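Trainee:
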Amino acid sequence: MAKSLGRRVMLALAAPVLAVAFAVAMSSIVLALSGSSPITAYIDMFDHARKLETMIDIGNRFTPLYISGVAAAIGFRMNLFNIGVEGQYLLATLFAAAAGGAVNLPPVLHIGLILIVAMTVGAAYSGVAGVLKVTRGVNEVISTIMLNVIAISGLVAWLVREWQAGGGVNASGGNAGVGTEPIPESGLMPNLNGFVEIFTREIKQGKKLTGVLVIALLVGIGYHVLVNRTRFGFDLRASGMNPFAAQAGGVPPKRMVVTAMVLSGAAAGLVGMSTLMDQGRYSPNFVRGLGFAGIGVTLLGRNHPVGIAIGALLFAFLDVSAGILQISGSASREIVVIMQGIILIAAVVAYEVVNRFRQREEAKDAAAALQSVPPAGIEVSA
Amino acid sequence: MRKQLLVLLSTLLAFALIAAACGSDGGDDSATTDDGAASDGEATDDAMAEDDAMAEDDAMAEDDAMAEDGASHSDATVGLVYDIGGRGDQSFNDSAAAGIERAKSELGVDFTEASPNDDGSNRAELLQLQAGANPLVIAVGFLFADDAANVAAENPDINFAVIDDGMMNFDVDPPAPRADNAAGLTFAEEQGSYLVGAAAALKSETGKIGFIGGVCCFGLIEKFEAGYIAGAKSVNPDIEIVSEYITEFPDFDGFNAPDRAKEIAAAMYDGGADIIYHAAGGAGAGMFEAAKEYSEADGNSKVWGIGVDSDQYNTVDPGVQEYVLTSMLKRVDNAVFEIIKAQTDGTFSAGQVVYDLSVDGVGYSTSGGFVDDITDKLDELKAQIIAGDIVVPTDPAEA
């Protein structure tokens with residue numbers, strides 16, 4: 000028993016350790032081939048990351064990546080490939096920004112309104128893909144890709160101009176620093192600098208740790224409880240593993256699809272909140288690509304709430320390292336993207352290899368157990 | 000099992016090697032574009048023959064300055080932050096790179112450069128990192144405006160400069176700089192466009208010319224259109240001008256859609272326009288292709304395109320070179336060089352600096368020699384603009 004427990008722990012750790020070791024080795028080769036010293040690059044990255052201000056940057060990057068990862072994971076648990084997080088979060092953020100800028104409420108209510116609008120819009124837009132799937136059999140991959148285009152190049156592009164603050168674009172000095180009506184102070188979540196400074200020192204350089212980090216952690220906990228501790232979560236996982244068996248067991252498949260898409264979209268709606276709370280408005284050059292980044296983070300984290308957090312942290316660390324690598328001259332910016340790609344491939348492959356190894360071991364154990372203890376019936380007949 | 004593992008690992012190795020090859024390719028690219036940018040600078044220097052004397056004076060003055068306090072120059076460093084894409088875009092970023100290379104060779108300043116992640120999420124981080132290492136930080140592109148104002152406030156001892164944004168607060172009267180240590184370097188694009196507009200009207204045989212803008216309705220590209228129309232009408236009041244924009248703000252894809260620029264240009268050429276000016280960044284390549292295709296078709300006479308920002312005669316595909324009538328030059332390299340010079344001279348000042356015709360911030364190119372017969376007329380107009388006799392409008396409705 001003790002032996003099998005030890006082996007299980009080792010097998011569980013084998014995949015991530017293997018993936019990281021492989022990724023580091025590959026990245027070193029790539030760095031060396033591109034004419035940089037891998038050692039210098041790694042030292043620069045870690046020295047930079049040890050600074051408190053850099054940790055704030057990593058935390059601010061972690062927040063949207065983690066929420067985006069969880070949003071994608073909710074669908075993945077049911078074998079629904081929601082690629083639409085990208086369009087869902089941009090549309091949701093724009094609506095939330097417009098709603099937040101249009102009203103003046105007491106702080107808690109104001110923030111609550113913005114978050115609820117974001118989640119509602121994200122859920123509704125994602126729900127469209129769910130409804131299309133159950134009523135018309137449209138594959139969610141196709142529909143969410145198309146809905147992304149409609150949201151980003153259509154609705155957002157049109158509405159951001161309709162809702163332009165001041166009724167027009169300020170052309171003086173070629174300024175594109177424009178966007179929706181600014182959200183009043185009461186609608187912006189306070190930053191966590193005061194909390195962090197209790198344990199560390201004063202945060203310099205004007206860096207602010209986003210308060211949305213708390214929401215990200217709540218989303219992670221909520222995801223864990225929902226999937227592992229509720230009847231709905233059980234149905235969700237059952238439908239994901241075998242929809243027919245789940246249906247036979249009384250799980251309504253159509254309702255599960257729509258609910259999963261709606262929940263995934265609600266989480267997606269929160270992806271843009273940290274940037275929105277920081278900038279105070281939706282500007283035309285609002286950060287894009289977080290929805291797609293989240294899919295990578297989820298693949299790395301194997302849909303597990305803690306795994307996604309580790310994946311998001313790793314990607315945030317690499318993203319933030321892009322700056323120091325260029326400015327210290329130790330490597331080019333592209334190396335970060337290459338590293339992220341290698342880590343993703345390595346993780347997917349390592350899990351597959353370890354999984355096969357485990358299956359083979361289990362089969363071997365079972366065969367050995369059968370041989371050493373012959374069935375009682377055989378003894379009697381002999 | 001072991002065999003499968005080997006296959007997998009070797010596949011991954013192959014992937015990584017391909018990735019590495021791409022990475023080093025990128026390096027090669029930037030190296031070659033360095034050369035391109037340098038030759039670009041030479042070509043435009045040639046183009047502005049009458050400015051050579053001035054440039055030499057400048058160079059001499061700089062030499063003097065270097066002789067006086069050569070020691071301090073080695074301490075001066077500059078942090079340059081490009082916009083997404085970085086070096087190698089054959090346009091804006093490369094022009095800035097040419098300026099800093101010139102500052103390095105003439106003023107002896109060292110520099111570090113960086114460009115943001117693909118989603119632009121780390122602009123403020125890069126500015127802050129550069130501010131930690133350099134007394135002067137230059138941000139290439141108006142998208143840096145807000146971040147630069149914030150980072151400048153946090154680093155009062157460091158100077159900042161933003162290309163293409165005035166860095167002015169227009170909410171107060173009179174307008175004041177957004178930060179005491181931030182300069183905004185903008186260009187009088189309408190003046191340069193006025194000159195190429197006049198060139199188009201002088202050269203047009205059909206009496207009809209066109210304009211293609213990359214992205215409308217955010218206030219920048221309209222300046223090009225207004226100057227172009229006003230310039231064309233100044234030499235031929237009856238000229239017919241067709242204008243079209245590829246996309247509308249906030250969809251910035253128009254600056255990178257050569258296929259759509261090609262369609263629009265082809266329609267304009269078919270409609271009788273024989274010269275088109277584009278202010279559409281990378282999309283302009285499509286316009287030159289359309290000019291080539293139209294000109295080579297049976298029974299058609301030759302049509303022209305006018306380039307923008309850099310001397311496109313030197314940057315376009317060699318096959319379409321002969322269709323580049325001239326280019327409206329936006330001398331980002333000069334602006335970068337001048338602000339570095341101001342920093343080393345101790346004359347840096349906050350607020351908006353407009354680079355117009357009088358300081359060669361904008362202009363037109365003569366590469367290819369297609370406008371040699373009208374340079375007298377264009378230089379006459381240029382002198383009138385510098386003297387203030389001609390005031391170029393910035394709104395197409397007033398042109």
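First to last, the sequence lines map onto chains B and P.
When we follow numbering that gives the first Met the number 0, the leftmost residue of the first sequence carries the number 0, and every step to the right adds one.
When we follow numbering that gives the first Met the number 0, the leftmost residue of the second sequence carries the number 0, and every step to the right adds one.
Heads up, the beta-carbon is just placed ideally off N, CA and C, and yes, glycines get one too.
None of these values were measured; they are calculated from a predicted model.
#1: How many Å lie between G271 (chain P) and K207 (chain P) at the Cα?
#2: Please decide whether L328 (chain P) counts as near chain B, where near means a Cβ-Cβ distance under 8 Å.
#3: Report whether the distance from the Cβ of L51 (chain B) to the nearest heavy atom of the ligand ADP is below 7 Å.
#4: Of all Cβ atoms in chain P, is any one closer than 8 Å to the Cβ of A156 (chain B)?
#5: Reducing DSSP to helix, strand and coil, say where F231 (chain B) ends up.
#6: Please go through the same chain and pick out, in chain order, the residues whose beta-carbon is closer than 7 Å to the beta-carbon of Y293 (chain P), but skip the five residues on each side of it.
#7: Please state if the CB of G285 (chain P) and the CB of P257 (chain P) are separated by a distance shorter than 8 Å.
#8: Put E201 (chain B) into one of helix, strand or coil per three-state DSSP.
#9: Hey, how far is the Cα of A70 (chain B) from the Cα of A75 (chain P)?
#10: Within 8 Å, do at least three Cβ pairs link the segment 287-305 of chain B to the segment 108-121 of chain B?
#11: Using alpha carbons as the reference points, say which of B:G249, B:P37, B:L51, B:A11 lies closest to K203 (chain B).
#12: Is there a C-beta anywhere in chain P that falls below 8 Å from the one on R287 (chain B)?
#13: With DSSP as the reference, label F389 (chain B) as helix, strand or coil.
#14: By DSSP, does T246 (chain P) sit in helix, in strand, or in coil?
#15: Among the residues of its own chain, which have a CB less than 6 Å from the CB of D355 (chain P), if the five just before and after it don't count?
#16: Kindly list the residues whose CB is nearer than 7 Å to the CB of E112 (chain P), restricted to its own chain and excluding five residues on each side of it in sequence; keep chain order.
#17: F369 (chain P) by DSSP, collapsed to three states: which one?
#18: Measuring CB to CB, does A178 (chain P) end up less than 8 Å from A138 (chain P)?
#19: Taking one C-beta from the segment 104-123 of chain P and one from the segment 141-160 of chain P each time, how about it: are there three or more such pairs within less than 8 Å?
#20: For S185 (chain B), would you say it is in contact with chain P, using Cβ-to-Cβ distances shorter than 8 Å as the test?
#21: At which residues does the beta strand (DSSP E) containing K329 (chain P) begin and terminate?
#22: Per DSSP, what kind of secondary structure is W157 (chain B) in: helix, strand or coil?
#23: Take P77 (chain B) and list the residues in its own chain whose beta-carbon comes closer than 6 Å to its own, dropping the five residues that flank it on each side.
#24: Nearest CA to the CA of G107 (chain P): which residue from P:G368, P:D375, P:K340?
#25: T111 (chain P) versus chain B: which residues are under 7 Å apart at the beta carbon?
#26: For a contact meaning CB atoms closer than 8 Å, what does D172 (chain P) contact in chain B?
#27: Any beta carbon from chain P within less than 8 Å of G126 (chain B)'s own beta carbon?
#28: Looking only at its own chain, which residues have a Cβ that is under 7 Å from the Cβ of G68 (chain B), when we skip the five neighbours before and after it?
#29: Once you ignore the five residues that flank N383 (chain B) on each side, which residues in its own chain have a CB closer than 7 Å to its CB?
#30: Does the CB of D56 (chain B) have a neighbour CB from chain P at under 8 Å?
#31: Whose Cβ in chain B lies nearer than 7 Å to the Cβ of A132 (chain P)?
#32: Any residues in the segment 118-129 of chain P with a beta carbon nearer than 7 Å to a beta carbon of chain B? Which ones, in chain order?
#33: I want to verify the contact list: residues of chain B whose CB lies under 8 Å from the CB of N116 (chain P), in sequence order.
#34: Classify T134 (chain B): buried if its beta carbon has 16 or more other beta carbons within 10 angstroms, exposed otherwise.
#35: Tell me the DSSP secondary structure of H416 (chain P) in three-state form.
#36: For chain B, check one thing: does any of its Cβ atoms lie closer than 8 Å to the Cβ of N299 (chain P)?
Mentor: Reading it off the structure:
#1: Within the model, the alpha-carbon separation for G271 (chain P) versus K207 (chain P) is close to 6 Å.
#2: By this cut-off, L328 (chain P) is not an interface position.
#3: This structure lacks the ligand ADP, and indeed carries no ligand of any kind.
#4: Taking a beta-carbon distance threshold of 8 Å, A156 (chain B) counts as an interface residue toward chain P.
#5: Assignment of F231 (chain B) by DSSP, reduced to helix, strand and coil, places it in the helix class.
#6: The beta carbon of Y293 (chain P) sits closer than 7 Å to those of A265, Y268, N299, V302, all from its chain and outside the five residues before and after it, given in chain order.
#7: Going by C-beta atoms, P257 (chain P) is nearer than 8 Å to G285 (chain P).
#8: Three-state DSSP puts E201 (chain B) in coil, outside helix and strand.
#9: A straight line joining the alpha-carbon of A70 (chain B) with that of A75 (chain P) spans about 48 Å.
#10: The segment 108-121 of chain B vs the segment 287-305 of chain B: no contact.
#11: With distances taken between Cα atoms, K203 (chain B) lies closest to B:L51.
#12: Interface residue, yes.
#13: Since the first residue shown for chain B is 0 and the last is 381, residue 389 (chain B) is missing from the structure and cannot be characterised.
#14: Correct three-state label for T246 (chain P): strand.
#15: Cβ neighbours of D355 (chain P) beyond the five flanking positions: A187, Q190.
#16: Excluding sequence neighbours, E112 (chain P) sits near L79, Y81.
#17: In the structure shown, F369 (chain P) adopts coil according to DSSP, grouped into three states.
#18: It is not a contact, given that the beta carbons lie outside the stated cut-off.
#19: The segment 104-123 of chain P vs the segment 141-160 of chain P: in contact.
#20: No, S185 (chain B) lies away from the interface with chain P (no Cβ there is under 8 Å from its Cβ).
#21: Start and end: 323-329.
#22: In the three-state reduction of the DSSP assignment, W157 (chain B) falls in the helix class.
#23: Checking the displayed sequence, the identity of residue 77 (chain B) turns out to be Met instead of Pro. Hits under 6 Å: L235, S238, G239, A259.
#24: It is P:K340.
#25: Under the 7 Å cutoff, chain B gives I326, G328.
#26: None at all; the shortest Cβ gap to chain B is about 13 Å.
#27: Cβ-Cβ to chain P under 8 Å: no for G126 (chain B).
#28: Residues of the same chain with a CB within less than 7 Å of the CB of G68 (chain B), apart from the 5 flanking positions on each side, are G293, V296, T297, G300, I307, G310, A311 in chain order.
#29: Outside the displayed span of chain B (0 to 381) sits residue 383 (chain B), for which this structure offers no information.
#30: Chain P contact via Cβ: present.
#31: Close to A132 (chain P), with beta-carbon spacing below 7 Å, are these residues of chain B in chain order: I326.
#32: The residues in question are D118, G119, S120, N121, E124, L125, Q127, L128, Q129.
#33: Those within 8 Å of N116 (chain P) in chain B are D318, A321, R332, V335.
#34: With fewer than 16 Cβ atoms within 10 Å of its Cβ, T134 (chain B) is classed as exposed.
#35: Outside the modelled stretch of chain P, which goes from 0 to 398, sits residue 416 (chain P), for which no answer is possible.
#36: Among the residues facing chain B, N299 (chain P) is not included, as its CB has no counterpart in that chain under 8 Å away.
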